[in-house]
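**Student:**
Protein chains: 4
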Amino acid sequence: MVRVDPRWADPDRRRRGAAGRERRARQDGGSALSTEEPPAKERILAAAEELFAESGFDATPTSRIADRANVPKGLVHYYFRRKSDLLGALIKRLPDEQLEPALVVVPGDIAESLRRLVRELDARLARSRMLSHLLWREADTHRAVRDALHERFQQLVRQVRAVILAAGEGGVAVEDVDSAAGLLALAVSYRHSVARHGDEPADLMERELNFIADALMARPVT
Amino acid sequence: MVRVDPRWADPDRRRRGAAGRERRARQDGGSALSTEEPPAKERILAAAEELFAESGFDATPTSRIADRANVPKGLVHYYFRRKSDLLGALIKRLPDEQLEPALVVVPGDIAESLRRLVRELDARLARSRMLSHLLWREADTHRAVRDALHERFQQLVRQVRAVILAAGEGGVAVEDVDSAAGLLALAVSYRHSVARHGDEPADLMERELNFIADALMARPVT
Amino acid sequence: MVRVDPRWADPDRRRRGAAGRERRARQDGGSALSTEEPPAKERILAAAEELFAESGFDATPTSRIADRANVPKGLVHYYFRRKSDLLGALIKRLPDEQLEPALVVVPGDIAESLRRLVRELDARLARSRMLSHLLWREADTHRAVRDALHERFQQLVRQVRAVILAAGEGGVAVEDVDSAAGLLALAVSYRHSVARHGDEPADLMERELNFIADALMARPVT
Amino acid sequence: MVRVDPRWADPDRRRRGAAGRERRARQDGGSALSTEEPPAKERILAAAEELFAESGFDATPTSRIADRANVPKGLVHYYFRRKSDLLGALIKRLPDEQLEPALVVVPGDIAESLRRLVRELDARLARSRMLSHLLWREADTHRAVRDALHERFQQLVRQVRAVILAAGEGGVAVEDVDSAAGLLALAVSYRHSVARHGDEPADLMERELNFIADALMARPVT
DNA sequence: AATGAATGAGACTTCATTCAT
DNA sequence: AATGAATGAAGTCTCATTCAT
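So, in structure tokens, the structure goes:
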């Protein structure tokens with residue numbers, strides 16, 4: 001997987017003026033500025049991510065990507081011959097959500113363990129919330145996107161299950177774990193997919209999480 | 223709300239052969255054939271629904287809608303001046319999912335009640351699965367779509383809660399009902415939103431449903 | 445084969461001003477002018493034929509075709525979705541060179557018969573000399589063109605042979621007829637293919653023609 | 667005229683694998699390998715010749731020339747600032763078809779002399795058949811090409827005439843020689859120009875050649 | 001009411017060419 | 001001498017929308 005130079009990976013980069021002929025204004029006297037400006041290719045990817053998430057893939061002209069990235073139109077296609085290559089490159093940049101269960105597990109306390117897991121996942125996904133959202137929109141039309149989306153969901157389920165099992169210390173019914181993991185993964189995934197819609201009360205997740213944890217504890221092991 | 227003439231609402235309408243110059247062949251002398259062919263406006267909406275769901279709003283040219291509806295291109299804009307008017311008209315045709323709780327509630331058996339509810343909802347949504355799916359894709363870009371989507375979700379939650387309460391006969395903790403209703407609504411909604419992706423094991427819903435029902439029964443009323 | 449309305453088929457049509465916003469200036473008071481202006485589709489084909497022959501297929505932008513035909517750019521692609529469809533349509537317009545041998549044969553005088561044949565062919569090809577020329581240039585890249593070209597050449601050979609046989613009245617060696625027909629067809633075809641190059645002395649054809657005719661007469665029948 | 671280093675003129679040069687990042691692998695420590703690989707400029711010209719003949723001048727991007735020549739894109743324009751300079755350079759490399767008549771003349775046997783001449787010309791042109799073909803395609807658009815083509819044709823006619831005269835030993839009518847030379851030059855030239863089309867029966871030339879030779883012998887000297 | 005020709009803005013993409021290194 | 005990033009003009013083609021009939 002292609003990792004981005006961490007200097008440019010942080011979410012605080014952003015457009016630097018929409019139309020900007022400022023690009024030309026290499027007003028710096030020499031070499032120092034290079035530490036300030038992400039390379040053009042990076043700016044293009046960032047702009048594409050933003051705009052695809054904002055308006056969708058089809059509704060985003062490459063010319064607008066160029067504008068926001070502050071590069072000439074030709075350069076977009078120099079780095080990414082076709083528009084869909086941009087989508088492909090974006091997928092490769094998906095942050096890795098792999099998470100060490102030990103980091104969040106509180107033995108014996110499933111609810112707290114899950115709470116920490118969700119908090120941790122949220123933190124990580126925040127960096128690419130728009131990207132996640134974008135994936136959901138384009139999953140239909142682009143097979144590569146659909147596959148990436150599917151894989152991410154499965155990984156999420158596995159992770160939830162691992163945490164439940166570790167926190168449950170053998171005290172939970174195995175057949176319930178799958179259901180619980182599925183439901184929580186659903187809730188997390190859903191939140192991220194519809195992030196932009198904003199129709200989700202903030203504490204809903206907390207209550208659902210408790211509900212699931214309690215249910216797991218309440219049932220006898222078979 | 224504009225209700226569709228039930229004659230044309232049944233799912234067996236559908237395109238009648240892509241190439242079809244048959245449209246011209248109105249060789250019938252008068253009125254008899256009109257019982258066989260939905261009116262042009264109806265055909266246009268049906269075609270739009272299919273194509274938007276298949277390829278997305280932006281990626282569907284109005285000319286293709288005209289082709290599939292077997293009408294001349296000009297007629298599409300005659301009935302729906304702008305393309306987005308088609309989306310608006312489609313939303314108004316959303317089938318009403320309102321459901322009388324009594325139809326599915328089995329007093330004392332939450333699991334069976336929910337099972338029947340889900341089955342019933344599935345049956346109703348099947349008629350417009352593609353339309354549901356379409357809503358998810360376009361919710362970002364079109365406010366009217368987003369609002370419709372939101373309203374439908376809330377209605378779903380209310381319905382699940384009503385069924386739980388009726389089937390629980392006062393024996394379930396009120397604070398759990400919300401969580402359970404939210405989770406199940408989530409699961410149902412999710413299934414429909416990702417219907418096209420097909421990455422959902424068929425029995426997952428059944429297991430999750432049982433998990434939720436058991437959890438509700440297992441906990442003492444506070 | 446699609447035949448052009450003969451009113452527009454004559455070679456004297458021609459561009460009516462290169463950039464011409466005059467198109468809009470429907471200065472005519474009503475209906476009379478329609479007898480004067482070929483329809484847009486016709487003008488597009490004529491412009492394409494000219495420009496392809498002048499500069500080659502690749503080097504001719506569709507925008508220039510639109511300019512010369514005095515139509516907006518979109519109309520070119522309205523009638524001919526892709527540029528190569530223009531080439532295809534042009535091929536269908538090729539004038540038919542079929543020629544009744546009786547029209548030119550002077551029994552017993554092969555030279556004169558061939559002379560009349562060549563004169564007749566020249567007259568017919570003059571109407572589409574540029575088109576013929578164009579075919580030669582594009583035969584490599586476009587299979588449809590290559591096939592059309594090949595077929596036209598074969599037809600030419602058959603015609604020359606028919607005339608020789610009819611004029612020779614059985615007095616020519618059959619095995620020579622093929623060679624002679626091939627050579628003359630070559631000479632005719634060559635003239636038309638390189639028409640634009642202009643490196644062909646006008647009377648060369650006449651001398652070659654006589655040479656061939658004499659050769660046919662001079663040899664005893666076997 | 668710039669002559670090519672004969673080491674690279676042989677027809678066995680040719681592309682060495684399209685993808686070839688091997689170019690970078692100049693792992694050799696020094697000078698030995700240089701006997702194996704034509705210099706970059708040479709490879710560029712060879713690649714251009716091939717590609718122009720295959721797809722035409724306009725349809726061949728310089729980037730593809732660079733790819734096939736296995737050189738970086740910048741180098742193509744370093745050696746040949748504009749694309750048309752490549753065409754100019756290619757013309758200068760045209761193999762010289764000058765041919766000593768004595769090499770092929772069989773005194774008294776015109777047919778055999780011409781047969782040997784044609785065979786010899788074919789052998790020479792085989793080395794640059796694609797180049798010849800290319801010339802025909804581009805003659806319209808590039809004056810330098812047209813001129814080169816014209817000059818080559820005239821030279822061909824002169825050569826055929828010289829052979830006929832030498833082989834005829836004064837026994838042929840002078841006025842026929844021109845016609846015969848013209849026709850044969852036409853046939854030879856035509857074969858090369860349409861080489862790629864492949865619509866020429868192999869033995870046609872042989873029959874036509876005999877026909878011409880016989881015709882020359884059959885007529886009395888005036 | 002219905003039609004399909006017409007329009008022009010703008011999308012994606014390609015490419016020769018320049019330029020800093 | 002060599003390189004490849006960068007540039008922007010231009011090309012093909014699509015499409016929503018208008019309009020005369």
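Protein chains in written order, with the numbering used here: chain B, 1 to 222; chain L, 223 to 444; chain W, 445 to 666; chain C, 667 to 888. By construction, the Cβ of each residue, glycine as well, lies at the ideal position given by its N, Cα and C atoms. Bear in mind the structure is a predicted one, so any value in this text is a computation, not a measurement.
(1) Are the beta-carbon atoms belonging to residue 742 of chain C and residue 755 of chain C less than 7 Å from one another?
(2) Would you say residue 433 of chain L lies against chain B (beta-carbon separation less than 7 Å)?
(3) Residue 356 of chain L: which of L/396, L/265, L/308 sits nearest, CA to CA?
(4) Is the separation between the beta-carbon of residue 334 of chain L and that of residue 327 of chain L shorter than 7 Å?
(5) Name, please, each residue of chain C whose Cβ falls closer than 8 Å to the Cβ of residue 408 of chain W.
(6) Kindly list the residues whose CB is nearer than 8 Å to the CB of residue 206 of chain B, restricted to its own chain and excluding five residues on each side of it in sequence; keep chain order.
(7) Quick one: is residue 754 of chain C near chain W, going by C-beta distance under 7 Å?
(8) Tell me the DSSP secondary structure of residue 302 of chain L in three-state form.
(9) Name the residues in the region 47 to 62 of chain B whose C-beta lies less than 7 Å from a C-beta of chain L; which are they?
(10) For residue 626 of chain W, count the other beta carbons within 10 Å of its own beta carbon; 16 or more makes it buried, fewer makes it exposed. Which is it?
(11) Taking C-beta pairs closer than 7 Å, name the residues in chain C that residue 413 of chain W reaches, listed in chain order.
(12) Do you know whose CA, among B/100, B/55, B/118, B/71, lies nearest residue 213 of chain B's CA?
(13) Would you say residue 110 of chain B and residue 168 of chain B are within 7 Å of each other, going by their C-beta atoms?
(14) Can you check whether the C-beta of residue 592 of chain W is within less than 7 Å of a C-beta belonging to chain C?
(15) Please give the ranges of any alpha helix (DSSP H) in the region 572 to 610 of chain W, keeping only runs that are unbroken, at least 4 residues long and fully inside the region.
(16) Below 7 Å CB to CB, which residues in the same chain sit around residue 188 of chain B once its five sequence neighbours on both sides are set aside?
(17) What are the boundary residues of the alpha helix (DSSP H) that residue 432 of chain L is part of?
(18) Please state the DSSP three-state secondary structure of residue 548 of chain W.
(19) I'd like to know whether the C-beta of residue 440 of chain L is nearer than 7 Å to at least one C-beta of chain B.
(20) Step through the CB atoms of chain W and report whether any lies within less than 7 Å of the CB of residue 848 of chain C.
(21) Pop quiz: residue 293 of chain L and residue 262 of chain L are said to be a contact at Cβ under 8 Å. What is the actual Cβ separation, rounded to whole angstroms?
(22) Can you check which of these residues, B/60, B/164, B/101, B/138, is closest to residue 209 of chain B by C-alpha distance?
(23) Within the region 479 to 513 of chain W, note down every full beta strand (DSSP E) run reaching 3 residues or more, in order along the chain.
(24) Counting only C-beta atoms, is residue 102 of chain B closer than 7 Å to chain L at any point?
(25) Using alpha carbons as the reference points, say which of L/359, L/280, L/347, L/397 lies closest to residue 315 of chain L.
(26) Among C/774, C/789, C/722, whose alpha-carbon lies nearest the alpha-carbon of residue 761 of chain C?
(27) Grab me the residues of residue 884 of chain C's own chain with a C-beta within less than 8 Å of its C-beta, minus the 5 sequence neighbours each way, in chain order.
(28) Consider the Cβ of residue 523 of chain W: report whether some Cβ of chain C lies at a distance smaller than 7 Å.
(29) Residues of chain C with CB closer than 7 Å to the CB of residue 648 of chain W, please, in chain order.
(30) Return the CA-CA distance between residue 604 of chain W and residue 629 of chain W, expressed in angstroms with no decimal places.
(31) Buried or exposed: which applies to residue 552 of chain W, given that a residue is buried once 16 or more other Cβ atoms fall within 10 Å of its Cβ?
(32) Looking only at its own chain, which residues have a Cβ that is under 7 Å from the Cβ of residue 145 of chain B, when we skip the five neighbours before and after it?
(33) Pick out whichever of W/660, W/624, W/596 has its Cα sitting closest to the Cα of residue 542 of chain W.
(34) So, with DSSP's three-state summary, where would you put residue 519 of chain W?
(35) Please report the straight-line C-alpha distance between residue 844 of chain C and residue 708 of chain C, rounded to a whole angstrom.
(36) Tell me the DSSP secondary structure of residue 394 of chain L in three-state form.
**Tutor:** If we stick to the structure as given:
(1) Within the fourth sequence, numbered from 1, the residue matching residue 742 of chain C stands at position 76. Within the fourth sequence, numbered from 1, the residue matching residue 755 of chain C stands at position 89. No, Cβ-Cβ distance for residue 742 of chain C and residue 755 of chain C is not below 7 Å.
(2) Residue 433 of chain L sits at position 211 when you count from the first residue of the second sequence. With 7 Å as the cut-off, residue 433 of chain L counts as an interface residue toward chain B.
(3) What you label residue 356 of chain L is simply residue 134 of the second sequence in a count that begins at 1. Among L/396, L/265, L/308, the Cα nearest to that of residue 356 of chain L belongs to L/308.
(4) As a position in the second sequence, residue 334 of chain L is number 112, starting the count at 1. As a position in the second sequence, residue 327 of chain L is number 105, starting the count at 1. No, the Cβ-Cβ distance between residue 334 of chain L and residue 327 of chain L is not below 7 Å.
(5) Residue numbering for chain W in the displayed model covers 445 to 666; residue 408 of chain W lies beyond these limits and cannot be assessed.
(6) As a working note, residue 206 of chain B is residue 206 in the first sequence. Counting only Cβ-Cβ distances below 8 Å, and skipping sequence neighbours, we find 115.
(7) For the purposes of this step, residue 754 of chain C is identified with residue 88 of the fourth sequence, where counting begins at 1. False, the Cβ-Cβ gap to chain W never drops below 7 Å.
(8) Residue 302 of chain L sits at position 80 when you count from the first residue of the second sequence. Note: residue 302 of chain L maps to coil in three-state DSSP.
(9) 55, 56, 58, 59
(10) By one-based count along the third sequence, residue 626 of chain W stands at place 182. When all chains shown are included, residue 626 of chain W counts as buried.
(11) Limits of chain W in this structure are 445 at one end and 666 at the other, which puts residue 413 of chain W out of reach.
(12) Looking up residue 213 of chain B in the first sequence gives position 213. Here the closest residue by C-alpha is B/118.
(13) One-based indexing of the first sequence puts residue 110 of chain B at position 110. One-based indexing of the first sequence puts residue 168 of chain B at position 168. The answer is yes: Cβ separation under 7 Å.
(14) In the third sequence, the residue the question calls residue 592 of chain W occupies position 148. Cβ-Cβ to chain C under 7 Å: no for residue 592 of chain W.
(15) 573 to 582
(16) Sequence index remark: in the first sequence, residue 188 of chain B carries index 188 (1-based). Closer than 7 Å at the Cβ level, and outside the excluded window around residue 188 of chain B, lie 118, 121, 156.
(17) The count along the second sequence starts at 1 and reaches residue 432 of chain L at position 210. Counting along the chain, the alpha helix (DSSP H) containing residue 432 of chain L begins and ends at 426 to 440.
(18) Within the third sequence, numbered from 1, the residue matching residue 548 of chain W stands at position 104. It is coil, neither helix nor strand.
(19) The residue given as residue 440 of chain L occupies position 218 in the second sequence. Chain B contact via Cβ: present.
(20) Along the fourth sequence, read from residue 1 onward, the residue named residue 848 of chain C stands at position 182. So yes, residue 848 of chain C belongs to the interface.
(21) Start at 1 with the first residue of the second sequence, and residue 293 of chain L comes out as number 71. Start at 1 with the first residue of the second sequence, and residue 262 of chain L comes out as number 40. Yes, residue 293 of chain L and residue 262 of chain L are in contact; Cβ-Cβ is about 5 Å, under 8 Å.
(22) As a first step, residue 209 of chain B is located in the first sequence; it is residue number 209 there, counting from the start. The shortest Cα separation from residue 209 of chain B among B/60, B/164, B/101, B/138 belongs to B/164.
(23) none
(24) Reading the first sequence from its first residue, position 102 is the one you call residue 102 of chain B. No, because no Cβ of chain L sits closer than 7 Å to the Cβ of residue 102 of chain B.
(25) Locating residue 315 of chain L in the second sequence gives position 93, counting from the first residue. Of L/359, L/280, L/347, L/397, the residue nearest in Cα terms is L/347.
(26) As a working mapping, residue 761 of chain C is identified with position 95 in the fourth sequence. The candidate whose alpha carbon is nearest that of residue 761 of chain C is C/789.
(27) Along the fourth sequence, one-based indexing puts residue 884 of chain C at 218. Cβ neighbours of residue 884 of chain C beyond the five flanking positions: none.
(28) As a first step, residue 523 of chain W is located in the third sequence; it is residue number 79 there, counting from the start. No, residue 523 of chain W does not count as interfacial toward chain C.
(29) For this step, residue 648 of chain W is matched to residue 204 along the third sequence. Going along chain C in sequence order, the residues near residue 648 of chain W (Cβ under 7 Å) are 848.
(30) Working through the third sequence from its first residue, we reach residue 604 of chain W at position 160. Working through the third sequence from its first residue, we reach residue 629 of chain W at position 185. Approximately 7 Å, taken between the alpha carbons.
(31) Looking up residue 552 of chain W in the third sequence gives position 108. Its Cβ having fewer than 16 others within 10 Å, residue 552 of chain W is exposed.
(32) Your numbering for residue 145 of chain B matches position 145 in the first sequence. Counting only Cβ-Cβ distances below 7 Å, and skipping sequence neighbours, we find 87, 91, 135, 138, 139.
(33) On the third sequence, position 98 is the one that residue 542 of chain W refers to. The candidate whose alpha carbon is nearest that of residue 542 of chain W is W/596.
(34) The sequence position of residue 519 of chain W within the third sequence is 75, counting from 1. Helix, per DSSP.
(35) As a working mapping, residue 844 of chain C is identified with position 178 in the fourth sequence. As a working mapping, residue 708 of chain C is identified with position 42 in the fourth sequence. So the two alpha carbons sit approximately 40 Å from each other.
(36) One-based indexing of the second sequence puts residue 394 of chain L at position 172. Coil, per DSSP.
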